[in-house]
Amino acid sequence: MTATASAPRIDERTMGAGTTVRFVLLLTLLLVSSGSMMQVVARGYHGGYGYGCLLAAGGDPTQGTDRGISARIIANHDAYWACVDRYEPAAPWWLPLLGLVLVAAAAVALFLALPHWKVRRRRLVPLDVIDHDGEIGRRMAELAAVAGLARVPRIVVDLTAATTDAVVFGSDRRPIVCLHGGLVARRTADPGGFRARAMHEFAHIRNRDLTITYATVVVWRVFVVLVLLPYVVWYLTAIPTSARSPFWPGETAFTTRGLLLPVCMILLVYLARSDVLRSREIHADLAATRWGADLRSLAFTMPAPVTGRLRRALGSFVELWRMHPRWTLRRDAVTDPAALFGVQALPMFLTGAAAPLIDVQVAEYLPPAASGTWLGRLPALLVAGLVTGVAGIALWRAVVHAVLTGRRAPSGVRAGLWLGAGAVAGELVLNRVTVLRWFPDHPVVLALVLFAGVAFAWWTAQCAELWVRAWPGRTIRPAMLLGLAAAWLVLFSWFVWWQSEGALLASTGTVDPAGMQVILRELYGASPEEHPAVQSAIGAVWPFLTSLDTPLVLSAVMALWVVPLLTWTFRPTTAPPPWTLGSLPETSRWEALGKEVPLQRRVLPVVLLGIPASWAAVAVVMGYMHTWQPPPADRAGFYALVYQAWTLVALVTAAAAAAVVASVPASRHRLLVALITAEVVALGGLAGRFVFAAADGCFQPLNTLAVRCHWLPDPAWTLVQSIMGYVLVLAAVAAVLAAGIVSAARRPRPRTGRATRDLPPGPRPTGRLAARRAATAVLCAAAVAAPLVAAAQQESPGPATLSQVQRVVGLDDAVVSAEIRQLQVKAWWAHGGWDLRERYRTDVVRLSKSLNDAAQAGRGSVEPAIFGPLCAHMGEIARDAGRYFDAPDQETRAFWRTFVTQAGNGGRNCRKSLADENGDLFITSMNELIEAGKALEAVTARMPR
19 MTATASAPRI
29 DERTMGAGTT
39 VRFVLLLTLL
49 LVSSGSMMQV
59 VARGYHGGYG
69 YGCLLAAGGD
79 PTQGTDRGIS
89 ARIIANHDAY
99 WACVDRYEPA
109 APWWLPLLGL
119 VLVAAAAVAL
129 FLALPHWKVR
139 RRRLVPLDVI
149 DHDGEIGRRM
159 AELAAVAGLA
169 RVPRIVVDLT
179 AATTDAVVFG
189 SDRRPIVCLH
199 GGLVARRTAD
209 PGGFRARAMH
219 EFAHIRNRDL
229 TITYATVVVW
239 RVFVVLVLLP
249 YVVWYLTAIP
259 TSARSPFWPG
269 ETAFTTRGLL
279 LPVCMILLVY
289 LARSDVLRSR
299 EIHADLAATR
309 WGADLRSLAF
319 TMPAPVTGRL
329 RRALGSFVEL
339 WRMHPRWTLR
349 RDAVTDPAAL
359 FGVQALPMFL
369 TGAAAPLIDV
379 QVAEYLPPAA
389 SGTWLGRLPA
399 LLVAGLVTGV
409 AGIALWRAVV
419 HAVLTGRRAP
429 SGVRAGLWLG
439 AGAVAGELVL
449 NRVTVLRWFP
459 DHPVVLALVL
469 FAGVAFAWWT
479 AQCAELWVRA
489 WPGRTIRPAM
499 LLGLAAAWLV
509 LFSWFVWWQS
519 EGALLASTGT
529 VDPAGMQVIL
539 RELYGASPEE
549 HPAVQSAIGA
559 VWPFLTSLDT
569 PLVLSAVMAL
579 WVVPLLTWTF
589 RPTTAPPPWT
599 LGSLPETSRW
609 EALGKEVPLQ
619 RRVLPVVLLG
629 IPASWAAVAV
639 VMGYMHTWQP
649 PPADRAGFYA
659 LVYQAWTLVA
669 LVTAAAAAAV
679 VASVPASRHR
689 LLVALITAEV
699 VALGGLAGRF
709 VFAAADGCFQ
719 PLNTLAVRCH
729 WLPDPAWTLV
739 QSIMGYVLVL
749 AAVAAVLAAG
759 IVSAARRPRP
769 RTGRATRDLP
779 PGPRPTGRLA
789 ARRAATAVLC
799 AAAVAAPLVA
809 AAQQESPGPA
819 TLSQVQRVVG
829 LDDAVVSAEI
839 RQLQVKAWWA
849 HGGWDLRERY
859 RTDVVRLSKS
869 LNDAAQAGRG
879 SVEPAIFGPL
889 CAHMGEIARD
899 AGRYFDAPDQ
909 ETRAFWRTFV
919 TQAGNGGRNC
929 RKSLADENGD
939 LFITSMNELI
949 EAGKALEAVT
959 ARMPR
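Dropping the structure here:
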């Protein structure tokens with residue numbers, strides 16, 4: 019009790035409550051799920067779900083892993099999607115949008131009708147009916163004026179309710195306050211209770227939380243009726259049919275996740291909505307208290323204290339499902355609203371779980387062509403904004419409260435763990451990281467999701483504390499918006515990477531290192547005996563680096579250290595920051611902030627040592643490369659690749675070492691110190707790399723690529739430009755890891771009391787403000803230039819060939835059962851093989867008729883006008899057959915390949931013979947076409963009847 023009494027009370031209006039964005043998150047989840055889940059049902063009835071094309075491609079849904087299935091689809095990309103478009107077309111593209119519009123329209127209609135329905139169903143009467151002398155109306159008008167309402171809302175009375183309660187419903191523009199009959203009857207006997215009830219409901223109107231609250235309620239009800247129930251009914255009716263299918267072993271996990279999705283949706287929406295409603299009630303209590311209401315006058319019965327760990331745990335669990343907070347929490351919040359500023363585990367977990375659900379389902383609204391474009395990144399942009407709005411605002415509020423009250427600011431690590439755990443749970447409910455199995459083939463990759471949640475929350479909390487202590491403005495909101503914008507950008511880049519690379523990595527795993535080595539040898543001309551260990555390392559790492567130097571990722575990395583770096587530009591002062599006015603008592607504001615050690619004291623000494631160390635590391639690499647320098651003609655291939663690889667390792671190692679050295683003594687803002695140090699050292703190292711490369715050839719022990727001494731800035735810039743993105747991104751990753759390891763090894767000792775409450779006020783260290791601002795400007799310019807450089811040098815990779823896919827993915831013929839093999843052959847024949855046979859047979863008949871007509875007419879030569887189109891068409895059939903799937907079984911495959919080869923040669927030689935008037939070649943072409951027909955008949959004989 020003593021600690022609570024001595025703690026300064028912070029005004030909860032210092033920052034936004036964050037409840038609106040949490041409601042928006044729920045509304046977004048419900049709306050985007052509407053169209054997506056409707057599309058699932060429509061595709062089920064439309065016949066859009068099938069394995070025909072997958073079986074025709076040689077896939078095995080019962081035993082194949084996600085990697086094997088993906089490999090089959092990638093290796094037969096064009097043929098597979100052509101087959102899907104023809105035989106297994108998806109539902110119309112506008113169907114998800116139609117579902118969204120239908121749910122939204124129904125929700126709007128229900129929202130407009132709900133207030134009238136409540137009034138009519140409960141037989142509520144206007145206040146004027148019972149307030150004959152206007153006494154109650156005048157009192158309500160006085161209370162509305164105290165609450166700052168522009169006009170008195172519509173007031174009705176529930177004459178059948180004997181309780182002393184009240185409720186407000188409707189919208190922010192047209193609120194309706196309902197007074198229970200018992201409250202009206204006791205207004206004279208208990209004026210304090212009447213005032214507290216009325217002011218509490220007026221607080222909801224003043225806080226403008228009616229529209230968003232009831233919009234969430236009506237959307238949820240419409241979603242349950244129009245989407246959730248049909249979805250569950252369709253799944254339950256489809257299970258018996260699926261259970262009798264030979265593919266059921268592969269569909270079990272897929273179908274279970276489909277049924278688990280609505281269950282998780284119900285739990286997520288109910289728990290999240292209840293949590294927000296509890297917070298909403300406490301904010302209304304605090305507003306009513308500010309207006310003079312005494313909540314102690316309400317007739318609440320205080321529960322007996324709960325004893326025992328099990329009972330307390332059970333009570334906490336029950337509290338999660340309540341839409342109104344327990345009275346003890348409401349009472350304590352009026353005295354100290356610290357509960358409103360805490361970062362709770364449940365909202366973080368639910369926010370993390372909602373993120374992948376929204377991300378995947380928003381993508382259902384986009385056309386397939388949007389993949390890889392900026393349009394395809396809209397789901398990631400939306401989800402990143404929602405997660406940042408919910409989790410980021412919560413962390414900023416917690417940090418502001420902790421700093422102003424002299425408590426230790428939250429690190430964000432625990433909140434990040436819950437956020438990441440929720441995202442992992444959300445991924446496991448979907449069919450993105452795994453389809454055929456219960457868990458992805460490589461579940462360890464999901465640890466990256468957990469790591470991303472921790473890094474996001476950790477950085478947000480430290481950045482918030484730094485800006486809260488340094489911000490000199492009149493309101494903290496601009497600083498918070500800047501920090502949240504940077505966090506949004508970082509999270510946006512993460513979701514984009516996870517969509518394109520991370521989820522695929524969890525599902526299919528890494529590429530085959532041996533296959534990558536073969537590709538590297540083809541591209542760079544290395545022999546297998548030349549530095550095999552280096553080739554193996556590059557082949558294993560290269561696939562992970564290809565997506566790290568994009569302008570988006572680089573922009574996010576730059577934001578991680580530039581945003582905290584901007585605090586160097588503020589002028590130190592001994593006066594209390596203006597934004598703290600009204601937040602705390604005058605005697606507490608500056609004392610609560612205490613002393614702050616500027617970041618530059620931790621960063622500058624390490625940077626001044628780290629940059630020369632990075633130059634030395636580059637010089638060591640050049641000296642090593644000089645020891646096996648090949649002739650000038652051979653330096654542009656594998657040798658240059660190894661040179662760049664070792665330079666990358668040297669620069670990242672130097673940045674990581676600098677981050678470790680700077681992190682060890684930093685007791686506060688350790689992550690920010692590590693990031694700034696690592697990135698500045700990396701930039702300095704790249705500058706030194708440019709100088710070394712431009713002067714290559716001028717110092718004999720370090721000669722690498724150059725033949726003689728010249729100042730060559732253009733080639734040097736090309737070398738720096740090609741690794742700049744990788745260096746900066748990997749330096750940031752190394753800095754986060756370094757700060758995390760150091761923090762785990764140097765856990766702070768628990769302190770009693772508050773962290774900085776007893777520090778005497780005094781001037782902050784000033785330093786040279788102009789020099790700091792100049793240095794910050796230079797570093798910010800470099801940070802802005804880095805993404806532009808990456809965008810200028812980025813090239814779109816060409817399409818991978820089938821042989822490259824087979825090498826990298828490791829495609830092979832999996833052992834399948836005789837039943838599945840028969841189904842594969844049947845599907846291969848039904849989804850294109852039979853059609854090609856019929857086309858070829860038709861042309862053979864036409865060709866035979868034309869030859870007979872020519873023989874009967876006694877012509878000694880063939881007419882190009884007659885035979886030319888026939889030969890061209892048969893050659894086209896051969897090309898279409900070559901683009902189609904290879905036959906699943908080996909015997910049929912041999913005959914099919916013979917058909918493709920002979921038909922292609924026959925069509926080509928036929929056209930050439932007609933053009934050259936070569937009779938012998940024409941006879942040869944006819945023989946080839948006949949052999950193609952025989953091979954095709956052999957294929958037909960092996961097809962199931």
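Residues 19 to 963 (our numbering) are what the sequence shown spells out, left to right.
Ideal placement from N, C-alpha and C gives every residue a C-beta, glycine not left out.
Because the structure is a prediction, the values reported are computed rather than measured.
Where residue i sits in the DSSP three-state scheme
i	result
Ile1031	With the chain covering 19 to 963 only, the question about residue 1031 has no answer from this structure.
Phe187	strand
Ile537	helix
Arg169	coil
Val451	coil
Val174	strand
Pro649	coil
Pro733	helix
Val59	helix
Pro428	coil
Val143	strand
Asp898	helix
Tyr542	helix
Val119	helix
Gly771	In this predicted model, Gly771 has a pLDDT of only 42, less than 50, meaning its place in the structure is not dependable enough to derive any value.
Environment of residue i [buried if 16+ CB atoms lie within 10 Å]
i	result
Leu73	buried
Arg213	buried
Pro815	Note that Pro815 scores 44 on pLDDT, short of 50, meaning its location in the model is unreliable and no value can be drawn from it.
Tyr39	Residue 39 is actually Val in this sequence, not Tyr. Under this definition Val39 is a buried residue.
Pro397	buried
Phe510	buried
Val421	buried
Asp938	exposed
Asn927	buried
Leu393	exposed
Phe562	exposed
Gly491	exposed
Asp567	buried
Gly780	With a pLDDT of 36 at Gly780, under the threshold of 50, the predicted position of this residue should be treated as unreliable, though the coordinate-derived value follows. So Gly780 counts as exposed.
His342	exposed
Glu881	exposed
Assumed close pair residue i, residue j - CB separation to whole angstroms, cut-off 8 Å
i	j	result
Thr346	Arg291	Actually they are not in contact, since the Cβ atoms of Thr346 and Arg291 sit about 22 Å apart, beyond 8 Å.
Val670	Ala749	6 Å
Val170	Met158	6 Å
Ser525	Pro630	With a Cβ gap of about 45 Å, Ser525 and Pro630 do not count as contacting.
Asp6	Pro365	The structure shown has nothing for residue 6, since the chain only spans 19 to 963.
Val747	Val514	With 8 Å as the limit, Val747 and Val514 do not qualify as a contact, their Cβ atoms being about 14 Å apart.
Leu888	Ala921	The pair is not a contact, with the Cβ atoms about 12 Å apart (cut-off 8 Å).
Thr587	Ile376	In fact, because the Cβ distance is near 37 Å, the residues do not count as touching under 8 Å.
Asp904	Arg897	That belief does not hold up - the Cβ atoms of Asp904 and Arg897 are roughly 15 Å apart, past 8 Å.
Gly662	Ser565	Going by the sequence as given, residue 662 is Gln instead of Gly. Between Ser565 and Gln662 the Cβ distance is about 18 Å, and since that is not below 8 Å, they are no contact.
Leu484	Thr585	6 Å
Item checked: Three-pair Cβ contact test at 8 Å for the stretch 553 to 560 versus the stretch 470 to 481 -> no
Note to self: Taking 8 Å as the cut-off, does the stretch 688 to 700 touch the stretch 713 to 727 (at least 3 CB pairs, one atom from each stretch)?
What the structure shows: no
Item checked: Cβ pair count under 8 Å reaching 3, the stretch 177 to 194 against the stretch 123 to 133 -> yes
Check: Can at least three beta-carbon pairs, one atom from the stretch 140 to 152 and one from the stretch 242 to 256, be found at a separation below 8 Å?
Finding: no
Notebook entry, point to check: Counting Cβ pairs closer than 8 Å, one from the stretch 645 to 655 and one from the stretch 676 to 689, do we hit at least three?
Noted result: no
Checklist line | Within the stretch 621 to 646, ranges of the beta strand (DSSP E) (whole runs, at least 3 residues) | finding: none
Margin query: Between the stretch 455 to 469 and the stretch 491 to 504, can you find at least three pairs of beta-carbon atoms closer than 8 Å?
Written below: no
Notebook entry, point to check: Hey, which unbroken runs of the beta strand (DSSP E) at 3 residues or more fall wholly within the stretch 224 to 264?
Noted result: none
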